[in-house]
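Just below is one structure, and these are the notes that go with it.
2 protein chains.
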Amino acid sequence: MSSRVRSTRKSTVTMRDVATLAGVSQSTVSRVLNGANETIPIGEETRQRVLEAVEKLGYYPNLHAGSLRGQKTLMIAMMVADIANPFYHPMVRAVQDAAHANRYDVMIANTDHMRDGEMHFIESVIRRPVDGVIMVPYHLTEEDFDYLIRRTGVAVVALGQHIHHPTVDTVYGDDDEMVAAAITWLIREKGHRRIGFIGVTSSYSAGARRRAAFLEAMRQAGLPIYPEMFEIGDWSSASGEHAMQVLLGLSHPPTAVFAVNDLMAIGAMEAVQNAGLRIPEDMAIVGFDDIPPATWVRPRLTTVAQHPAEMGRVMAEALFERLRGDYSGPGRGFEVPCRLVVRESA
Amino acid sequence: MSSRVRSTRKSTVTMRDVATLAGVSQSTVSRVLNGANETIPIGEETRQRVLEAVEKLGYYPNLHAGSLRGQKTLMIAMMVADIANPFYHPMVRAVQDAAHANRYDVMIANTDHMRDGEMHFIESVIRRPVDGVIMVPYHLTEEDFDYLIRRTGVAVVALGQHIHHPTVDTVYGDDDEMVAAAITWLIREKGHRRIGFIGVTSSYSAGARRRAAFLEAMRQAGLPIYPEMFEIGDWSSASGEHAMQVLLGLSHPPTAVFAVNDLMAIGAMEAVQNAGLRIPEDMAIVGFDDIPPATWVRPRLTTVAQHPAEMGRVMAEALFERLRGDYSGPGRGFEVPCRLVVRESA
DNA sequence: TTCTCCTATGCAATCGTATGCGGTAATTCG
DNA sequence: CGAATTACCGCATACGATTGCATAGGAGAA
Chain A
325 MSSRVRSTRK STVTMRDVAT LAGVSQSTVS RVLNGANETI PIGEETRQRV
375 LEAVEKLGYY PNLHAGSLRG QKTLMIAMMV ADIANPFYHP MVRAVQDAAH
425 ANRYDVMIAN TDHMRDGEMH FIESVIRRPV DGVIMVPYHL TEEDFDYLIR
475 RTGVAVVALG QHIHHPTVDT VYGDDDEMVA AAITWLIREK GHRRIGFIGV
525 TSSYSAGARR RAAFLEAMRQ AGLPIYPEMF EIGDWSSASG EHAMQVLLGL
575 SHPPTAVFAV NDLMAIGAME AVQNAGLRIP EDMAIVGFDD IPPATWVRPR
625 LTTVAQHPAE MGRVMAEALF ERLRGDYSGP GRGFEVPCRL VVRESA
Chain B
325 MSSRVRSTRK STVTMRDVAT LAGVSQSTVS RVLNGANETI PIGEETRQRV
375 LEAVEKLGYY PNLHAGSLRG QKTLMIAMMV ADIANPFYHP MVRAVQDAAH
425 ANRYDVMIAN TDHMRDGEMH FIESVIRRPV DGVIMVPYHL TEEDFDYLIR
475 RTGVAVVALG QHIHHPTVDT VYGDDDEMVA AAITWLIREK GHRRIGFIGV
525 TSSYSAGARR RAAFLEAMRQ AGLPIYPEMF EIGDWSSASG EHAMQVLLGL
575 SHPPTAVFAV NDLMAIGAME AVQNAGLRIP EDMAIVGFDD IPPATWVRPR
625 LTTVAQHPAE MGRVMAEALF ERLRGDYSGP GRGFEVPCRL VVRESA
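For the protein sequence lines, the chains are A and B, in the order given.
Here the first sequence is numbered in this note's numbering, starting from 325 and rising by one per residue.
Here the second sequence is numbered in this note's numbering, starting from 325 and rising by one per residue.
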């Protein structure tokens, strides 16, 4: 057995190596590479020598050093509730594409819908400063945002109309109006009078808002509210299935159910079909989000479509405008409208 | 209009600030914080003063500094083909959870199944060194791995049995055997003799291997191969739908189709149902992966189940073993077995 | 009392890069 | 032909943390 140790000799190529090979000083190399900077001219012949040396050694700047030096980190951080929820994918994709186009890398964190996770994210960003942050916060308060920004000076873009902070850009859908519209449609066009609701704890402002919109729509239609027809889930399909089982067990079940996201709506469909009931004849179901699987289930899911890809695009656009210095004013709000997509489940 | 400029004065708290407040030197603060390091004792009273100062100022170490100094970066990078493919979510989740448990952050990159994307990822890691890398490579060669490791000394874990490198740990499924098993099952149990295949370009070794396994199974059964029954997709449901349309347009279509991933299988189901045909009576379909939507479609999809969560867990475990120094030998291989899940689509 | 030897702490170099400032040679101008 | 510009480039320092080495003070031994 030879004594050959695993040779993990990382042969880091630094600017100084390039400088040596090119026969110039390290600072000259720096200036050649960051050519954008004027004020100091560089001889054409020198520039060529440096460039050749860079090429020859396969030099890449060490971004950690630049970050330390207080320059741009060329990295943004993104916080989502659950990377496993299809709703977020187009958003993440859009952000990643934009980042890539701007030569940025993306750090991703999950919060699992929990405040601890969100606070942990803030800590992360303080420990490892980034240039910008895109997030989908559920529990963060204005003070939290303030703390983050004060500590890091980072540019922030958030999803959700419940966010109010003077320097945070927000992107949001008109979801409460669309919830109301969907419920009204269920009542007027489909003649339902007993409508169930699968929501989430009201600690989620998005959940609370959609719930309020639901209540308001029912009130407007002069329909009674049955407290037993409100079930609580956790955004997952399993929880939606369970919620529907409870609803189905009622002595006098609803004829239609609205779920605040598609995952729970799809779980609800499972429960209905497993109970041998038909959709929408025995039970109509409306979801929210319009994730791809909504068109794969049978019957296809009637739902309120959000546009996560567009939302992601807008968030990234807003963020990079700030990072490029094209905008530096107060926080802006961007609405990305939703719309009711009628398919077969209601 | 006041002259109040947006005060993005990031008030970075450094170790020196802590030191000043505690009335000690900066190196003492460092030693208190990294207490794990023995050999150097610290006065109890001093330690308390430092800790109080840390608390009071809300100090967090700047990870960029540590990274530069050549210490651990506390960051790993993960490369996947497409974050929008549900197959990867459990994997990403598992990795993120493990990272989080080890106090690591995760950088994520998409490759869109393209070699350029994969090479770009390598560049990224060279520019911004990380401690470890987890990836799902489709095109990278042994030389590429070598280059990455030589340049950065990073620990690498990859998914796929086509990876062979002396210091790279790999995790893989026994997918070719399972493809063969599925085809054989289709022939023996279900009596199919004309089986179509929706694959991907053979530049994907996973695609090539599954195709080879398919051919071998057909050969073993003494069944003829019809070249027109091979369609090429790009892993997306849309491409699967299109492929099935072509297959359906054949003068003598297959009676069963195997798709190399569930997304394409689901797309194929759409095509069949849109054509007014029944599954599995008119057309049987078998997929690969067992993503959640496989149980949401009707009929439910018969498929070969992989276990992405387990794969992610194993990859992360292998990586962190190396990062913790618990293992530093040659590359290991971990097999995560697949299994055929018979549902209703075949 | 003097010499050791801990114990507890500070000093200073270092990681790779950016940049203000100073210095030199070449060029222009009066 | 001497002086004032330019045009180029290097020196040195800073960013925030880790760490080898030096050192102050006090205890114990001879």
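Every residue, glycine too, gets a C-beta built ideally from N, C-alpha and C.
Treat the numbers as computed from the prediction; the structure is a model and nothing was measured.
Chain A partners of residue i, CB-CB under 9 Å?
i         : result
Val621(B) : Pro617, Trp620, Val621 and Arg622
Met635(B) : By Cβ distance, chain A contributes nothing, its closest Cβ being about 15 Å from Met635(B), past 9 Å.
His486(B) : Within chain A, no residue comes near His486(B); the closest Cβ sits about 23 Å away, beyond 9 Å.
Who pairs with residue i in a beta bridge, going by DSSP?
i         : result
Arg663(A) : Ala629(A)
Asn434(B) : Val404(B)
Leu483(B) : Val495(B)
Ala580(B) : Ile519(B) and Ala608(B)
Phe554(B) : Phe521(B)
Met399(B) : Asp429(B)
Kindly list, in the order they appear in chain A, the residues whose Cβ is closer than 8 Å to that of residue i.
i         : result
Glu702(B) : For residue 702(B) there is no data in the structure shown, the boundaries of chain B being 325 and 670.
Asp429(B) : Met431, Ala433, Ser448 and Arg452
Ile590(B) : Trp620
Gln420(B) : Ile407, Ile432, Ala433 and Asn434
Ala389(B) : Leu392
Ser354(B) : Simply none; closest approach about 15 Å.
Identify whether residue i lies in helix, strand or coil by the three-state DSSP scheme.
i         : result
Met415(B) : helix
Thr494(B) : strand
Asp586(B) : helix
Gly611(B) : strand
Val348(B) : coil
Phe658(B) : strand
Val460(B) : coil
Gly564(A) : helix
Val503(B) : helix
Val621(A) : strand
Val342(A) : helix
Ser326(B) : For Ser326(B), the pLDDT reaches just 31, beneath the cut-off of 50, and the residue's location in the model is therefore unreliable, leaving the point undetermined.
Asp429(A) : strand
Val638(A) : helix
Asn386(A) : coil
Glu645(A) : helix
Ala599(A) : coil
Ser331(A) : The pLDDT assigned to Ser331(A) is 37, lower than 50, so where the model puts this residue is not dependable, and the model offers no usable value.
Ser527(B) : coil
Ser575(A) : coil
Lys514(B) : coil
Ala536(B) : helix
Quick check: residue i and residue j, are their CB atoms within less than 9 Å of each other?
i         : j         : result
Ile400(A) : Val454(A) : yes
Leu572(B) : Ala599(B) : yes
Met502(A) : Ala482(A) : no
Ala595(A) : Glu565(A) : yes
Asp436(B) : Ala405(B) : yes
Val356(A) : Gly636(A) : no
Lys396(B) : Leu345(B) : no
Met542(B) : Ile507(B) : yes
Pro410(B) : Pro548(B) : no
Gly591(B) : Ile556(B) : no
Ala642(A) : Ala423(A) : no
His486(B) : Ser448(B) : no
Glu466(A) : His489(A) : yes
Ser561(A) : Trp509(B) : no
His388(A) : Arg452(B) : yes
List the residues of chain B whose Cβ lies closer than 7 Å to the Cβ of residue i, in chain order.
i         : result
Val416(A) : Ile407
Pro410(A) : Pro410
Can you pull the chain A neighbours of residue i, defined as C-beta to C-beta under 7 Å?
i         : result
Ser335(B) : Arg474 and Arg475
His413(B) : Ile407 and Ala408
Verify the contact flag: residue i, CB atom, against every heavy atom of the ligand ADP, threshold strictly below 8 Å.
i         : result
Phe582(B) : Although the ligand ADP was asked about, the structure shown includes no ligands whatsoever.
Are the stretch 661 to 669 of chain A and the stretch 603 to 613 of chain A touching, with three or more C-beta to C-beta distances below 8 Å?
yes
The stretch 484 to 501 of chain B contacting the stretch 513 to 527 of chain B, beta-carbon criterion three pairs below 8 Å:
no
Within the chosen definition, does the stretch 653 to 660 of chain B reach the stretch 436 to 449 of chain B through at least 3 CB pairs nearer than 8 Å?
no
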